[in-house]
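Numbering (the working numbering), first residue to last: 938 to 1527. Every residue, glycine too, gets a C-beta built ideally from N, C-alpha and C. If you're wondering where the values come from, they're calculated on a predicted model, not measured in any experiment. Below is one structure, written out as structure tokens, with a few remarks after it.
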């Protein structure tokens, strides 16, 4: 069976169980009446159900596990594991594919050698730029890979009713997406105020998803008490925004799956790890990356790296593996995977030990697809078309003059390693009534520039915590509407960034003295690269180094920058309409 033919329940594709010949053969193989395709012998199997690690043989027939145990099975091919541990293929239950900057085939090349065999993407990034056609493009580009890429139908495109995105996905679009193969449910519902206010435009999407018997994901930063209960009461079943132990406990107690996030800009594992080690969340947690850049995946691994840290933090290995496999599989209705057991897909990871989790072999549907960190499968070419989606009205340096009425004003304060921000009142330097850069202070201008319809709308504000002493940073990745976001000390550098992004179709850029110093092109919707992972990682390293040369000391300069425009995260954000106080739900005068 080719990878294009493989079923993906509950997507609407026919289940392999409909093929009676394959079922009969699997039965005969399990009973020892017919040779298996593959016998894995001499391994230590992580039993996800009993959470014990035991020696066992594994037999595979037609890409499925036919038997596990101490049996003498015949097989056409035998693979000796020399005492290594065998676990199910790892599942990332919440990832924005676009945050990796890579096309699906290149993402597979990067993460499959780390043991990831399935992930669930909320691709509302490309949805905000290209609409349904963008998500369908990613569905097509992810077929036939040794990585099962599932999707959630975006719930908030745009993230709020007043944002300026490139598309709008309403209930009709959500209903259409839910009929597509590999679309599992309704993605994170970010417009919390709309939910709590009972906005019919949002609730209708819930009705559509629940009528299709699909899971609904949550996004509830800082929500607590009655508001959190009301949010869960509409049928939301998960949240990846818990940043403290108290928030984790509260969500688990309400039955929400706590998706423990460790990405490039938001790192919450350390705060929640004591809960995991103490077993306080029960079975209500899993590991996710949410937004992760390709250099982090290359340098630190994917879920295998998180398993190392979780086990080092006191979680028993078999328990940790369960929460990166069976728990997310069951939550999303993927009943064909998540365990090393008969009747499950032969998606297997053979690791050297259950502390380091370094993959020796990765098998997808019973075929070896990675060995000792080397990707062995050449997937089909990505089916991706590029059209420049960065459309700007004419810009001049004067667009970046920020008039200030008072000597103090609200600013955005970056919180290191988090995507939440703080609202602060700060004294500012003014020249002729406008903000002027003070080299002695960590405070620069930030702008959100509408880029979908060339309206000319620009929102201005100030941000502290980027560390810039000169120059500017710019990005077309600016959650979630993905207008241009630029931050810097001088108007000429802000202008240079914006013009460079318009010329290249998007990406990351660093400018100094009015000239571009480094650039990472993202020509596909201003979100994804068409280059290979190695090239993208090299270009990302160059723009990060250029940013640090300007004084930025953040671990992920562009990851942090990209979230400063998301007006559903506390406390204060920049939008094309100006500074927005998320908690007060109002725009702030300057």
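Note to self: Between which residues of its own chain and residue 1530 is the CB-CB distance below 6 Å, once the five residues before and five after are set aside?
What the structure shows: Lying outside 938 to 1527, the shown extent of the chain, residue 1530 is not represented and no answer is given.
Next item on the list: Could I get the ranges of all uninterrupted alpha helix (DSSP H) runs contained in the stretch 1246-1280, with 4 residues as the minimum, in chain order?
Entry: 1254-1259 and 1263-1268
Margin query: Measuring only the C-alpha atoms, how far is residue 1098 from residue 1069?
Written below: 18 Å
Check: From the DSSP output, which residues share a beta bridge with residue 1494?
Finding: Beta-bridge pairing links residue 1494 to no other residue.
Notebook entry, point to check: Any idea what DSSP makes of residue 1058, helix, strand or coil?
Noted result: strand
Next item on the list: Tell me whether residue 1020 is buried or exposed, calling it buried when 16 or more other Cβ atoms sit within 10 Å of its Cβ.
Entry: exposed
Margin query: Nearest by alpha-carbon distance to residue 1117: which of 1313, 1153, 956 and 1072 is it?
Written below: 1072
Check: Is residue 1384 near residue 1396, with beta carbons less than 8 Å apart?
Finding: yes
Check: Which residues in the same chain as residue 1364 place their Cβ atom closer than 7 Å to its Cβ, once the five residues preceding and following it in sequence are excluded?
Finding: 1344 and 1345
Checklist line | Contacting residues, own chain, Cβ-Cβ under 6 Å from residue 941 (five flanking each side not counted) | finding: Here the model assigns residue 941 a pLDDT of 40, short of 50, so the residue's position is not dependable, and the following value carries that caveat. Contacts found: 1080 and 1081.
Next item on the list: Measure the CB-CB distance between residue 1185 and residue 1195 and report whether it falls below 8 Å.
Entry: yes
Notebook entry, point to check: Apart from the five residues just before and just after residue 1279, which ones in its own chain have a Cβ nearer than 7 Å to its Cβ?
Noted result: 967, 1002, 1003, 1004 and 1005
Item checked: Beta bridge counterpart(s) of residue 1223 as assigned by DSSP -> 1196
Item checked: Expected contact under 8 Å - CB spacing of residue 1569 and residue 1411 to nearest Å -> In the structure displayed, the chain extends from 938 to 1527; residue 1569 sits before or after that span and is not available.
Note to self: Taking the straight line between their C-alpha atoms, what separation do you get for residue 1471 and residue 1136?
What the structure shows: 45 Å
Next item on the list: Flag this pair as yes or no: are the beta carbons of residue 1078 and residue 1321 separated by less than 8 Å?
Entry: yes
Note to self: Restricting to runs no shorter than 3 residues, where is the beta strand (DSSP E) found entirely within the stretch 1397-1423?
What the structure shows: 1409-1412
Check: What distance in whole Å lies between the Cβ atoms of residue 1271 and residue 1257, which are believed to be in contact at a cut-off of 8 Å?
Finding: That pair is no contact at about 19 Å.
Notebook entry, point to check: Sorted by chain position, which residues of the same chain lie with C-beta nearer than 7 Å to residue 1202's C-beta, five sequence neighbours on each side aside?
Noted result: 1228, 1356, 1493, 1496, 1497 and 1500
Check: For residue 1173, which of 1087, 1189 and 1182 has the nearest alpha-carbon?
Finding: 1189
Checklist line | Counted within 10 angstroms of its Cβ, other Cβ atoms place residue 1362 as buried (16 or more) or exposed | finding: exposed
Notebook entry, point to check: Is it buried or exposed for residue 1408, if we count other Cβ within 10 angstroms and need 16 for buried?
Noted result: buried
Margin query: Using 8 Å as the threshold, is the C-beta distance between residue 1513 and residue 1394 below it?
Written below: yes
Next item on the list: Can you have a look at residue 1143 and say buried or exposed, based on whether 16 or more other CB atoms are within 10 angstroms of its CB?
Entry: buried
Margin query: So the candidates are 1376, 1520, 986 and 999; which of them puts its Cα closest to the Cα of residue 959?
Written below: 999
Next item on the list: Please confirm if the stretch 1213-1222 is in contact with the stretch 1026-1035, defined as three or more CB-CB distances below 8 Å between the two stretches.
Entry: no
Next item on the list: Would you check if the stretch 1418-1436 and the stretch 1365-1385 touch, i.e. whether three or more CB-CB distances between them fall below 8 Å?
Entry: yes
Note to self: Based on DSSP bridge pairs, tell me the residues matched to residue 1025.
What the structure shows: 1285
Check: What first and last residue would you give for the alpha helix (DSSP H) that runs through residue 1162?
Finding: 1162-1170
Item checked: Best match in 1452, 1435, 1451 and 984 for proximity to residue 1444 [C-alpha to C-alpha] -> 1435
Notebook entry, point to check: In chain order, what residues of the same chain lie with their CB nearer than 6 Å to the CB of residue 1275, ignoring the 5 residues before and after it?
Noted result: 1025, 1262, 1263 and 1266
Checklist line | Identified DSSP bridge partners for residue 1126 | finding: 1155
Check: For the stretch 957-1038, which segments carrying the beta strand (DSSP E) assignment without a break, of at least 3 residues, lie completely within its bounds, in sequence order?
Finding: 975-984, 989-998, 1001-1006, 1015-1017, 1022-1025 and 1027-1032
Notebook entry, point to check: DSSP on residue 1371, reduced to helix/strand/coil?
Noted result: strand
Margin query: Taking a contact to mean a Cβ-Cβ separation below 8 Å, would you say residue 997 touches residue 975 in this structure?
Written below: yes
Item checked: Cα-Cα separation between residue 1326 and residue 1059, rounded to whole angstroms -> 20 Å
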